[in-house]
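Our numbering puts the last residue of the sequence shown at 434; the count rises by one with no breaks. A short worksheet on the structure shown next.
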Amino acid sequence: MPNDYYQTLGVNKQDSPEDIRKAFRQKAMEFHPDRNKNPDAEEKFKEINEAYQILNDPEKRAQYDRFGHAGVSGGSGFDRPFDGSDIFGGFGDIFDSFFGDSSGRRPNEPRRGQDIQQRVSLTFEEAVFGAEKVADITKLELCATCDGQGNEPGTPVETCNTCKGNGQVRRTQRSLFGQFAQITACPTCQGKGKMIPSPCGICKASGLERKTRKTAVTIPAGVQNGMQVRLTGEGDIGANGGPSGNLYIQVDVAEHDLFIREEYDLIYELSLNVSEAALGIDTQIPTLDGTPQELSIPSGTQPNSQFRVKGKGVPHIHSNRRGDLIVIVSITVPTKLTKEQQALLEQLAASFKPSSETTHSDESEVDSNEKGIFDRIKDKLG
Ligand SMILES: [Zn+2]
Ligand SMILES: [Zn+2]
Numbered sequence: 053m054p055n056d057y058y059q060t061l062g063v064n065k066q067d068s069p070e071d072i073r074k075a076f077r078q079k080a081m082e083f084h085p086d087r088n089k090n091p092d093a094e095e096k097f098k099e100i101n102e103a104y105q106i107l108n109d110p111e112k113r114a115q116y117d118r119f120g121h122a123g124v125s126g127g128s129g130f131d132r133p134f135d136g137s138d139i140f141g142g143f144g145d146i147f148d149s150f151f152g153d154s155s156g157r158r159p160n161e162p163r164r165g166q167d168i169q170q171r172v173s174l175t176f177e178e179a180v181f182g183a184e185k186v187a188d189i190t191k192l193e194l195c196a197t198c199d200g201q202g203n204e205p206g207t208p209v210e211t212c213n214t215c216k217g218n219g220q221v222r223r224t225q226r227s228l229f230g231q232f233a234q235i236t237a238c239p240t241c242q243g244k245g246k247m248i249p250s251p252c253g254i255c256k257a258s259g260l261e262r263k264t265r266k267t268a269v270t271i272p273a274g275v276q277n278g279m280q281v282r283l284t285g286e287g288d289i290g291a292n293g294g295p296s297g298n299l300y301i302q303v304d305v306a307e308h309d310l311f312i313r314e315e316y317d318l319i320y321e322l323s324l325n326v327s328e329a330a331l332g333i334d335t336q337i338p339t340l341d342g343t344p345q346e347l348s349i350p351s352g353t354q355p356n357s358q359f360r361v362k363g364k365g366v367p368h369i370h371s372n373r374r375g376d377l378i379v380i381v382s383i384t385v386p387t388k389l390t391k392e393q394q395a396l397l398e399q400l401a402a403s404f405k406p407s408s409e410t411t412h413s414d415e416s417e418v419d420s421n422e423k424g425i426f427d428r429i430k431d432k433l434g
């Protein structure tokens with residue numbers, strides 16, 4: 053049984069999209085395999101991502117709420133809906149499966165080629181900034197030996213005498229209700245309209261062969277893990293002169309060791325020590341572009357505080373907009389102290405004591421949280 057997505061992210065069913073985003077960021081940072089060396093971290097990270105893909109999408113979330121995992125199965129990031137012109141969320145041509153060979157089409161009728169799906173691995177940066185990749189694509193092409201004619205080179209292709217190349221024959225039948233005509237595939241040529249006395253040894257008269265070729269694939273900037281890039285007409289060749297199918301490139305994006313991606317934003321964890329957080333610091337943040345970004349951390353910064361660096365995230369697909377870089381602060385408490393640091397911290401500790409004993413205004417500020425609880429209890433009691 054897959055885990056409950058809400059539980060995985062540690063949120064409730066009523067929580068807002070913003071709550072879910074926040075929870076995802078926290079969890080993703082906690083379990084990112086590069087930071088968390090626990091052997092279960094990678095699996096957990098995947099679960100978190102899967103849960104987020106569903107709960108962050110209002111439609112999928114509604115499906116999940118109504119039908120549970122059955123409502124969204126197979127949909128975890130594999131078929132992200134997308135409105136870009138060369139990006140496509142679904143797969144295949146639905147009409148092909150409805151109107152297959154059994155619909156009474158003539159065998160020599162033009163038919164669209166099959167779609168092909170191929171995975172391509174990308175680095176985190178390639179997905180963000182776009183890339184030119186070369187992939188080995190195996191697809192049906194015209195047979196090079198017979199040039200798609202189906203005959204052994206130098207031997208004839210004859211027009212079928214029975215149907216005169218039509219592929220169909222008309223049969224007249226008599227019944228109690230009179231005479232009626234029935235059109236069926238030509239029995240002589242099986243509807244192909246032609247006869248090939250010496251079939252091509254490579255394609256066995258089909259005129260098609262499967263070949264693997266290195267194919268250039270342009271990945272637009274901003275794609276995400278599991279998305280599909282559509283290359284129109286790059287799939288299997290159509291039969292009898294029909295159009296080719298499409299090629300769908302599904303991208304597998306590697307993780308980054310510094311950044312976590314959330315839609316078009318990048319998340320970076322900035323680790324500060326206690327004094328940096330208390331006093332504030334001017335620091336530099338790495339960016340995916342490579343140029344470090346100045347960031348001023350104010351004094352009194354708390355753990356999990358967030359800072360937003362505009363426009364340093366991921367480019368949107370087919371637009372000039374760009375997401376942001378979100379800096380989340382974590383605070384590390386030193387585990388080893390030099391004698392000097394120990395003395396300084398003790399001095400600091402001592403300096404905190406008298407303030408809480410003498411100045412009551414300070415105390416009320418520090419204890420505002422507890423006061424809040426007391427107030428609430430008082431309110432409850434009337
Ligand atoms: Zn051939
Ligand atoms: Zn025929």
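In this text, a Cβ means the ideal position worked out from N, Cα and C, and glycines have one as well.
N- and C-terminal bounds of the alpha helix (DSSP H) containing residue i
{"i": "valine 124", "result": "121 to 124"}
{"i": "valine 180", "result": "176 to 181"}
{"i": "isoleucine 100", "result": "93 to 107"}
{"i": "isoleucine 72", "result": "69 to 83"}
{"i": "leucine 340", "result": "Counting along the chain, leucine 340 falls outside any alpha helix (DSSP H), and DSSP gives it neither H nor E."}
{"i": "threonine 60", "result": "57 to 61"}
Paired residues, beta bridge with residue i - DSSP
{"i": "serine 351", "result": "Beta-bridge pairing links serine 351 to no other residue."}
{"i": "asparagine 325", "result": "Thr384"}
{"i": "asparagine 203", "result": "Pro251"}
{"i": "glutamine 302", "result": "Arg171, Gln280"}
{"i": "lysine 216", "result": "Answer by DSSP bridge pairing: none, since lysine 216 is not bridged."}
{"i": "proline 320", "result": "This sequence places tyrosine at residue 320; proline is not what is there. Tyrosine 320 pairs with Phe311, Val379."}
{"i": "aspartate 334", "result": "Ser348"}
{"i": "lysine 246", "result": "Thr211"}
{"i": "valine 186", "result": "Ala268"}
{"i": "glutamate 193", "result": "Glu261"}
{"i": "proline 159", "result": "BP columns for proline 159 are empty, so no partner."}
{"i": "alanine 401", "result": "None, per the DSSP bridge assignment."}
{"i": "proline 110", "result": "According to DSSP, proline 110 bridges with nothing at all."}
Span of the beta strand (DSSP E), counted from its first residue to its last, around residue i
{"i": "leucine 283", "result": "280 to 283"}
{"i": "valine 361", "result": "358 to 361"}
{"i": "glutamine 231", "result": "230 to 237"}
{"i": "serine 227", "result": "220 to 227"}
{"i": "leucine 310", "result": "Run containing leucine 310: none; DSSP gives neither H nor E here."}
{"i": "valine 209", "result": "Here valine 209 belongs to no beta strand (DSSP E), and DSSP marks it neither H nor E."}
{"i": "glutamate 261", "result": "260 to 271"}
Cβ neighbours of residue i in the same chain (closer than 8 Å, five flanking residues each side left out)
{"i": "asparagine 55", "result": "Glu99, Ala103"}
{"i": "isoleucine 271", "result": "Val172, Leu174, Glu178, Ala179, Gly182, Ala183, Glu184, Lys185, Val281, Ile301, Val303"}
{"i": "arginine 223", "result": "Ala233, Gln234, Ile235, Thr236"}
{"i": "proline 69", "result": "Asn108, Pro110"}
{"i": "phenylalanine 130", "result": "Residue confidence for phenylalanine 130 is low, a pLDDT of 35 falling below 50, so the modelled location carries little weight and cannot support an answer."}
{"i": "phenylalanine 150", "result": "Low local confidence applies: a pLDDT of 31 at phenylalanine 150 is under 50, so the model's placement there is unreliable, with the coordinate-based value given in what follows. Cβ neighbours of phenylalanine 150 beyond the five flanking positions: none."}
{"i": "valine 124", "result": "Ile106, Lys112, Gln115, Tyr116"}
{"i": "lysine 65", "result": "Tyr58, Asp117"}
{"i": "serine 296", "result": "Arg164, Gly165, Gly285, Glu286, Gly287, Asp288, Ile289, Gly290"}
{"i": "glutamine 358", "result": "Ile378, Val379, Ile380, Val381"}
{"i": "cysteine 255", "result": "Cys195, Thr197, Cys198, Gly202, Glu261"}
{"i": "proline 355", "result": "Ala329, Val381, Ser382, Ile383"}
{"i": "proline 239", "result": "Thr214, Val221"}
{"i": "serine 137", "result": "Model confidence at serine 137 stands at a pLDDT of 32, short of 50, so the residue's coordinates are unreliable; what they give is reported in the following sentence. Counting only Cβ-Cβ distances below 8 Å, and skipping sequence neighbours, we find His370."}
Spatial neighbours of residue i in its chain, beta-carbon cut-off 6 Å, leaving aside the 5 residues before and after
{"i": "valine 418", "result": "No answer about valine 418 holds up, because its pLDDT of 44 lies below 50 and its placement is not dependable."}
{"i": "tyrosine 57", "result": "Ala103, Ile106, Leu107"}
{"i": "glycine 274", "result": "Val366, Pro367, His368, Ile369"}
{"i": "threonine 384", "result": "Ser323, Asn325"}
{"i": "glycine 332", "result": "Ile349, Pro350, Ser351"}
{"i": "threonine 353", "result": "Ala329, Val381"}
{"i": "aspartate 86", "result": "Asp309"}
Proximal residues to residue i (C-beta, below 7 Å), its chain only, five neighbours per side dropped
{"i": "glutamine 43", "result": "Given that the chain is displayed from residue 53 to residue 434, the structure contains no residue 43 and the question cannot be resolved."}
{"i": "threonine 60", "result": "Glu99, Ile100, Ala103"}
{"i": "glycine 217", "result": "Thr211, Gly245, Lys246"}
{"i": "proline 205", "result": "Thr197, Cys198"}
{"i": "aspartate 67", "result": "none"}
Cβ-Cβ separation, residue j to residue i (assumed contact under 8 Å), whole Å
{"i": "glutamine 242", "j": "proline 159", "result": "6 Å"}
{"i": "leucine 322", "j": "isoleucine 380", "result": "7 Å"}
{"i": "glutamine 220", "j": "threonine 236", "result": "7 Å"}
{"i": "glutamate 261", "j": "cysteine 215", "result": "Contact flag wrong, Cβ pair sits at about 27 Å."}
{"i": "isoleucine 189", "j": "threonine 267", "result": "4 Å"}
{"i": "glutamate 307", "j": "asparagine 298", "result": "Actually they do not touch by this definition, with Cβ atoms about 29 Å apart."}
{"i": "cysteine 252", "j": "asparagine 203", "result": "6 Å"}
{"i": "valine 269", "j": "alanine 187", "result": "5 Å"}
{"i": "glycine 375", "j": "tyrosine 316", "result": "3 Å"}
{"i": "valine 361", "j": "glutamine 345", "result": "5 Å"}
{"i": "proline 249", "j": "threonine 207", "result": "6 Å"}
{"i": "leucine 340", "j": "phenylalanine 311", "result": "6 Å"}
{"i": "valine 305", "j": "phenylalanine 176", "result": "6 Å"}
{"i": "leucine 397", "j": "leucine 389", "result": "7 Å"}
Exercise. What is the chain-ordered set of residues for which the beta carbon lies under 5 Å from any non-hydrogen atom of ligand 2?
Worked result: Cys212, Thr214, Cys215, Cys238, Thr240, Cys241
For this session: When you get a sec, list the residues whose CB is within less than 5 Å of any heavy atom of ligand 1, chain order please.
Result: Cys195, Thr197, Cys198, Cys252, Ile254, Cys255
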